[in-house]
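A.B. asks: Structure below; questions to follow.
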Amino acid sequence: MSGVAFSVIHMFEGFDSELNSLGSGIDDVAVLFELQRRLDLHMIEVVGELDAVGMTDIVEGLSTKAWVSKTARCSGVTAARRVSVARAVRRRYRPEVLDRLRSGVVGFDHLVVIGRWSNPRIEPTWSDNA
16 MSGVAFSVIH MFEGFDSELN SLGSGIDDVA VLFELQRRLD LHMIEVVGEL DAVGMTDIVE
76 GLSTKAWVSK TARCSGVTAA RRVSVARAVR RRYRPEVLDR LRSGVVGFDH LVVIGRWSNP
136 RIEPTWSDNA
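For the sequence shown, the positions run 16 to 145 when the numbering used here is used.
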C-alpha cells in the first residue's frame, strides 16, 4: 500500500465512531462533507501524479480518464472532470490553490468552474484570488 493510500486510510480511522456518536443528522452530514473535502484533496494529488507519469497507461494500458472511469465506475464526463482538475492543479495552478482547497476555502467544484472558464492570460490574477 502506498504512503498516500495509508495516509488516507489513517485519516478516516475513527470517523465511523465519531459519526455514530453524533446526535443529529446535521452533525453527521457536516462530518461527511469534511471527509469528502479531504478525499477530494487526496484524489486530486494522486490522480495528478498518476497522469503526469503515465502510470495508468503503463500498468493498465488505459488513459488516465479511461482508468478513472473504470476504477471509480463513473461516466466519462465525470472522469474527465476529475482528471482535468488534477492536471490543472499539478501543471497550471499555483501551490496556494491547493492550500486553499486543503483549508476548505475552495472546493473541488470551485476548481471545476475555474478550470472551465480560465485561460493562461488571466490565470495569475485568479490564482491569487482563488
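Think of the CB as a built atom: it goes at the ideal place given N, C-alpha and C, for glycine as much as any other residue.
According to DSSP, is Ser-78 helix, strand or coil?
C.D. replies: Coil, per DSSP.
A.B. asks: Assuming the contact rule is C-beta atoms closer than 8 Å, Arg-107 and Leu-56 should be a hit. Round their C-beta distance to whole Å, please.
C.D. replies: Their Cβ separation, rounded to whole angstroms, is 17 Å, which puts Arg-107 and Leu-56 out of contact at 8 Å.
A.B. asks: Taking DSSP as the reference, what is the three-state secondary structure of Gly-40?
C.D. replies: Helix, per DSSP.
A.B. asks: Quick one: what's got a C-beta closer than 7 Å to Ala-95's C-beta in the same chain, skipping five residues either side?
C.D. replies: Correct list, in chain order: Lys-80.
A.B. asks: In whole angstroms, what separates the C-alpha of Trp-132 from that of Asp-42?
C.D. replies: Their backbone Cα atoms lie some 34 Å apart in a straight line.
A.B. asks: If contacts are defined as beta-carbon pairs under 8 Å, then Val-62 and Val-98 qualify, I think. What distance do you get, rounded to the angstrom?
C.D. replies: Correct: roughly 6 Å between the Cβ atoms.
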